[in-house]
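Numbering of the sequence shown is given in the working numbering, commencing with residue 486 and proceeding in unit increments. C-beta: ideal position from N, C-alpha, C; glycine also. As the structure is a prediction and not an experimental result, all values here were calculated from the model.
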Amino acid sequence: MMDILYAGWQFLIEYFTLPRTITLTIVFFISGAIAQFMSQGAVLKYFGPNAKKSVSYSMASVSGIILTVCSCSVLPMFTSIWKKGAGIGPAITFLFAGPAINLLAITFTFSFIGADIGAARVVSAVILAIIIGFIMQLIFQKDENHTDKNAKMFEINDTSPRNLWQNGLFFVTLLVMLLSGMNMPFVTLGALVILAVQLIWFFDKDELWSWCLETFDLAKKIIPLFVVGIFIAGVITVLIPETFMSAAAGENTVQATFLASIFGAFMYFATLTEVPIVNSFLDLGMAKGPALALLLAGPTMSLPNMIVVSKIMGLKRAGAYIGLVIGLTTLLAFLAGVLIF
486 MMDILYAGWQ FLIEYFTLPR TITLTIVFFI SGAIAQFMSQ GAVLKYFGPN
536 AKKSVSYSMA SVSGIILTVC SCSVLPMFTS IWKKGAGIGP AITFLFAGPA
586 INLLAITFTF SFIGADIGAA RVVSAVILAI IIGFIMQLIF QKDENHTDKN
636 AKMFEINDTS PRNLWQNGLF FVTLLVMLLS GMNMPFVTLG ALVILAVQLI
686 WFFDKDELWS WCLETFDLAK KIIPLFVVGI FIAGVITVLI PETFMSAAAG
736 ENTVQATFLA SIFGAFMYFA TLTEVPIVNS FLDLGMAKGP ALALLLAGPT
786 MSLPNMIVVS KIMGLKRAGA YIGLVIGLTT LLAFLAGVLI F
């Protein structure tokens, strides 16, 4: 038991290197800025019954970048837009994409697992979100009976004290700092100086304080879970033999990818915890196709998520959604494993 606990502790110590800590800090400040300065209402207003479908699906498929939610915390927002009249297609796309394209998790996938799986995760998540939502729309379109009585719920006018170019420059500066990090310290330092000038000219003290509070709130909620996930990942490397993982998911086969999708769909992964866990599975011999399936199905679904979705939409719709997530995740991850990795 002591050896197992020590392995988890050692993995935790080795994981938090200086570059990773700096990356984590920058990402949390970016997420806090998104939460503070980009209204969720600006996203949700595009899901109304009068919105163009092309706009609804597009916004829903990238909603996770703005919302930063997991498979359970996305449920209250999904319930709200569903009950207020959003079409089942955009609503389901939002339900899948909200946790699938989480900015924090995507960034950490690129940084700690690799650019190939990171890029495949982003592209696959967007494609899956749109396809799953569109298929659900086709299957249950006849059951939809929306009226305009709830349309005003989605008509949200968001105003900002800054011009569009000022907000754009602010987020681009933060993104440059994230991408340069410790690898290009002079670029990072220059971006930091530019950011300081923007904060003085474009923002007031109350906004900056609210930004810091939002960032702290995100870190307070996520970092403890992330630390637990890293510790569990270290324990997994000791408890699971390499031969077992190589035999179960060591090749890019349909069976291995399907098992990874099933495992990810029923397990609960708190925000970011899937990244170190999948990284450990890769070290133990898991092939990249099944690893991608786990990264796609794991954050978007869980057993608690399935139960709540069943109560909201009914067993028939929920069963179709669950089947589509597992089936299409398996197919897309398998194809990626064969054609890309």
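Using alpha carbons as the reference points, say which of the options lies closest to residue i.
i, options, result
"A778", "S609, T564, R505 and M544", "S609"
"P561", "V823, L816 and I797", "I797"
"Y753", "S787, T738, G822 and E736", "S787"
"G618", "Y806, A818 and F826", "Y806"
"S539", "G572, L509 and Y500", "G572"
"L800", "T508, F625 and W650", "F625"
"L580", "M669, K627 and F563", "F563"
"A614", "S541, P726, T502 and T742", "S541"
"I620", "T508, F826, R802 and L817", "R802"
"D689", "L660, R647, P670 and V672", "R647"
"G666", "T594, T508 and M486", "T508"
"G750", "D691, S596 and G804", "Checking the displayed sequence, the identity of residue 750 turns out to be Ala instead of Gly. Ranking the options by Cα distance to A750, first place goes to G804."
"C506", "F522, S596, Y491 and Q495", "The sequence given here has Thr at residue 506, not Cys. Checking every option, the nearest Cα to that of T506 belongs to S596."
"F826", "T728, P726, A600 and L588", "A600"
Which term fits residue i, buried or exposed, when burial requires 16 or more other beta carbons within 10 angstroms of its beta carbon?
i, result
"I577", "buried"
"T632", "Caution applies to T632, whose pLDDT of 46 falls short of 50 and renders its modelled position unreliable; the model cannot decide the point."
"Q740", "exposed"
"N790", "buried"
"A782", "buried"
"P709", "exposed"
"P584", "buried"
"V512", "buried"
"V810", "buried"
"G653", "exposed"
"P504", "exposed"
"I762", "buried"
"L663", "buried"
"M487", "exposed"
"E699", "buried"
"F671", "exposed"
Short check: CB of residue i to CB of residue j, under 8 Å?
i, j, result
"L820", "I616", "no"
"A582", "S548", "yes"
"I598", "V760", "yes"
"I612", "K773", "no"
"V720", "I515", "no"
"A733", "L744", "yes"
"P575", "A545", "yes"
"W696", "A518", "yes"
"F656", "Q683", "no"
"M771", "M730", "yes"
"P775", "A818", "yes"
"F532", "I566", "yes"
"T815", "S765", "no"
"G493", "F711", "no"
"T658", "I679", "yes"
"V661", "A676", "yes"
"T594", "L767", "no"
So, is the C-beta of residue i closer than 8 Å to a C-beta in chain B?
i, result
"A803", "Among the chains in the structure shown there is no chain B, since it carries only a single protein chain."
So residue i and residue j are supposed to be a Cβ contact under 8 Å. How far apart are they, rounded?
i, j, result
"L757", "G714", "7 Å"
"V607", "N737", "That belief does not hold up - the Cβ atoms of V607 and N737 are roughly 20 Å apart, past 8 Å."
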